[in-house]
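These notes are about the structure you will find just below.
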Amino acid sequence: MPPVALTIAGSDPSGGAGIQADLKTFHQFGVYGEAVITLVTVQNTVRVSRVEVLPAALVLEQLRAVVEDIPPAAAKTGALGSEEVVSAVARAAADFAFPLVVDPVMISKHGLPLVAEAAASAIRDELLPRAALVTPNVPEAEALTGMAIRTPADMRRAACRLLAMGARAVLIKGGHMEGDALDVFFDGVEWRELSGPRIDTRHTHGTGCTFSAAITAGLASGLPLSDAIRRAKHFIQEAIRSNPGLGRGCGPVNHHAPVEDSLEEKECP
């Protein structure tokens, strides 16, 4: 049987982010994908004009249905939308027999907030302690920790703070920083920096979803966390570099990029 991965996230009708991006990424990694929908958006590569969050009870019904019949080997969260949904998923995750990757989606690529402050607090207080890995970008890490992040040293301090909040491992993505795309990983024992060249393109829609889905696919396939992250980093770099150039705005990455394992990695000082 193929490995199974689950995404608990929102829908992007343009196909570049959310459950659509996650399922395409799972498939590219040879993993069977399941999806629990938390919210529906009205968006394209230019704008997000509406977000409708599903009732928490309906999200839980979806989750119970897939887990009881085709249990995943790993799961991830994306946009959860409301405090009620975050809390419901966090309660359910207490009984997960598989690792959970938390991608704390809080702001859309177009700058529209996807969660209220109450939901952000629930992510901090209830969901992070369930995370085998949390994968915030810099603005999300700032929102979760309450600290400004301007340098790699700030990223390391923020990683320590997120670990103290209960996550078992942290990967802060540096795509919003200047210079190369530097990500900082910390699991409480080992520090790693994963670096890739900054690619000059506006087509980066769904980057965070795709990256975390690629990590989840690796975990579902039985890879150790560090190996899953390394492979996913290479994949997202190639996905951005070979983007299909779709849309009039911030278009999607290439979810059919090759799956390889080659990138620069070094221990943090």
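The numbering used here applies: residue 1158 is where the sequence shown begins, and numbers increase by one. Just so it is clear, CB atoms sit at the ideal spot from N, CA and C, and this is done for glycine as well.
Cα-Cα separation, residue i to residue j
i: Arg1359; j: Ala1232; result: 29 Å
i: Cys1407; j: Ala1288; result: 29 Å
i: Ala1401; j: Val1197; result: The amino acid at residue 1401 is misidentified as Ala; the sequence shows Pro. Cα to Cα, the separation comes out at about 24 Å.
i: Ala1321; j: Leu1290; result: 13 Å
i: Asp1252; j: Val1246; result: 10 Å
i: Val1243; j: Ile1176; result: 17 Å
i: Leu1319; j: Gln1219; result: 29 Å
i: Asp1357; j: Ser1383; result: 27 Å
Contacting residues, own chain, Cβ-Cβ under 6 Å from residue i (five flanking each side not counted)
i: Leu1376; result: Ala1231, Pro1256 and Ala1385
Contact check, residue i vs residue j, beta carbons under 8 Å
i: Val1161; j: Val1193; result: no
i: Thr1373; j: Lys1330; result: no
i: Met1263; j: Ala1277; result: yes
i: Leu1341; j: Ala1316; result: Sequence inspection shows Val at residue 1341; the Leu mentioned does not correspond to that position. Against a cut-off of 8 Å, the Cβ pair of Ala1316 and Val1341 comes out as a contact.
i: Thr1195; j: His1412; result: no
i: Ala1174; j: Leu1217; result: no
Nearest candidate by alpha-carbon position, reference residue i, set the options
i: Gly1345; options: Gly1365, Leu1211, Leu1351 and Gly1323; result: Gly1323
i: Gly1336; options: Arg1307, Glu1417 and His1412; result: Arg1307
i: Val1208; options: Glu1395, Phe1343 and Val1272; result: Val1272
i: Thr1202; options: Leu1403, Pro1296, Val1416 and Pro1415; result: Leu1403
i: Ser1491; options: Gln1394, Ser1378 and Leu1285; result: The displayed coordinates of the chain run from 1158 to 1426. Any statement about residue 1491 would go beyond what the structure contains.
i: Pro1429; options: Pro1159, His1333 and Arg1325; result: Because the chain is modelled from 1158 through 1426, residue 1429 falls outside the range shown and cannot be assessed.
i: Ser1206; options: Leu1217, Leu1237 and Asp1169; result: Asp1169
Nearest-angstrom beta carbon gap, residue j and residue i [assumed within contact, 8 Å]
i: Gly1235; j: Ala1166; result: 3 Å
i: Thr1367; j: Ala1214; result: In fact, because the Cβ distance is near 29 Å, the residues do not count as touching under 8 Å.
Own chain partners of residue i with C-beta closer than 8 Å, once the 5 adjacent residues on each side are dropped
i: Glu1191; result: Val1161, Ala1162, Leu1163, Thr1164, Val1223, Ile1227 and Pro1229
Neighbourhood of residue i by C-beta distance below 7 Å, restricted to the same chain and skipping five residues each side
i: Ala1300; result: Met1263 and Ala1277
i: Thr1361; result: Ile1397, Cys1407 and Val1410
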